[in-house]
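Participant: One structure follows; several queries about it will come next.
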Amino acid sequence: MTDTSVTRDTAYRDNVASHRIAESLRREILGGALAPGTRLRQEDLAERFGASRIPAREAIRMLAADGLVTLVANSGAWVSRLSLEECVEAYSIRERLEPLLLRRSLEHLSVEQLDRLAELADGMEANTDVDAFMADDREFHLLSYAGAATGELWQIIHRLWNTTQHYRRAYATLVGVTGIGVTHLEHHLLVDCLRRGDPDDAERVLVTHIRRTRLELVKHPELFASDA
Numbered sequence: 001m002t003d004t005s006v007t008r009d010t011a012y013r014d015n016v017a018s019h020r021i022a023e024s025l026r027r028e029i030l031g032g033a034l035a036p037g038t039r040l041r042q043e044d045l046a047e048r049f050g051a052s053r054i055p056a057r058e059a060i061r062m063l064a065a066d067g068l069v070t071l072v073a074n075s076g077a078w079v080s081r082l083s084l085e086e087c088v089e090a091y092s093i094r095e096r097l098e099p100l101l102l103r104r105s106l107e108h109l110s111v112e113q114l115d116r117l118a119e120l121a122d123g124m125e126a127n128t129d130v131d132a133f134m135a136d137d138r139e140f141h142l143l144s145y146a147g148a149a150t151g152e153l154w155q156i157i158h159r160l161w162n163t164t165q166h167y168r169r170a171y172a173t174l175v176g177v178t179g180i181g182v183t184h185l186e187h188h189l190l191v192d193c194l195r196r197g198d199p200d201d202a203e204r205v206l207v208t209h210i211r212r213t214r215l216e217l218v219k220h221p222e223l224f225a226s227d228a
């Protein structure tokens, strides 16, 4: 085997390993197993996943690009955390941008996607498990945007969803899934708007939906002070 072949083979293995590590950490962060403020050390990740530090470093960079990890120059990497003020700002941006993305998506959603949205709305209302609710809620909203092109707007919103995920879970855990009945109503209203092909109504419902969560989070600053 030539030196060039060896180099290509090593690069391929490192690329596969970096994606494997990143995907595992992504699930843990979004699933709540890795709390905001948790430090991620390349050497620890390399040992844990049986890889070298190169793919571990690349995995951290990939997660940073997704907003899940914060890199500090000459210091290290941590699972991203937000102050209350930063979370409020993120939600304020979402209030402005997500209705636009929903409008772009609406006319391109298939019947199958609309049926899946309705199924998710029903499932969230019937299920009292927080983890199941969080997974379905995330799928619901990101699926509602699936008809839009995955350009810069989609990437910005996806990143904001990632950085605020922990705080949505903390709030849902605090009040319980049964304590957010109005959320379920708004999900059903969104499905109705999308089925009717009414972008104006859909935007109004979504703005209210996002804003209400922002205002509820403001009432619970302890959710931010207790980060790991």
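Here the sequence shown is numbered in full-length UniProt numbering, starting from 1 and rising by one per residue. Ideal Cβ positions, reconstructed from N, Cα and C, are used throughout, including at glycine. Here the structure is a predicted model, which means the values were calculated and not measured.
Tell me where the alpha helix (DSSP H) around Thr-213 begins and ends.
Facilitator: Run containing Thr-213: 199-218, per the alpha helix (DSSP H) assignment.
Participant: Give me the residue from Arg-94, Arg-195, Ser-80 and Glu-119 with the minimum Cα distance to His-209.
Facilitator: Residue Arg-94 is the option with its Cα nearest to His-209.
Participant: Buried or exposed for His-187, going by 16 or more other Cβ atoms inside 10 Å?
Facilitator: Under this definition His-187 is a buried residue.
Participant: For the beta strand (DSSP E) containing Val-69, list its first residue and its last residue.
Facilitator: From DSSP, the beta strand (DSSP E) with Val-69 extends over 69-72.
Participant: Can you tell me whether Gly-32 is helix, strand or coil according to DSSP?
Facilitator: The answer is coil: DSSP assigns Gly-32 none of H, G, I, E or B.
Participant: Quick check: the Cα distance between His-169 and Asn-15, rounded to an integer number of angstroms?
Facilitator: The question names His, yet the displayed sequence has Arg at residue 169. Taking the straight line joining both Cα atoms gives about 31 Å.
Participant: Who are the Cβ neighbours of Gly-32 in its own chain at under 6 Å, not counting the five residues just before and after it?
Facilitator: Arg-169, listed in sequence order.
Participant: If you draw a straight line from the C-alpha of Ala-228 to the C-alpha of Thr-38, how long is it?
Facilitator: Because the pLDDT of Ala-228 is 41, which lies under 50, any placement of that residue in the model is unreliable, and the question is left without a value.
Participant: Short of 8 Å in beta carbon distance, which residues of its chain neighbour Ala-90, apart from the five on each side in sequence? Order them along the chain.
Facilitator: Leu-82, Leu-160, Thr-163 and Thr-164.
Participant: From the DSSP output, in three-state form, read off Leu-82 for me.
Facilitator: In this structure, Leu-82 counts as coil in the three-state DSSP scheme.
Participant: For Ala-77, write down the residues that DSSP places opposite it in a beta bridge.
Facilitator: Looking at the DSSP assignment, Ala-77 forms a beta bridge with Leu-40 and Leu-71.
Participant: With burial defined as no fewer than 16 other Cβ atoms inside 10 Å of the residue's Cβ, what is the status of Tyr-167: buried or exposed?
Facilitator: Looking at its Cβ environment, which holds 16 or more other Cβ atoms inside 10 Å, Tyr-167 is buried.
Participant: From Ser-75 to Arg-61, what distance separates their C-alpha atoms?
Facilitator: Whole-angstrom Cα-Cα distance: 14 Å.
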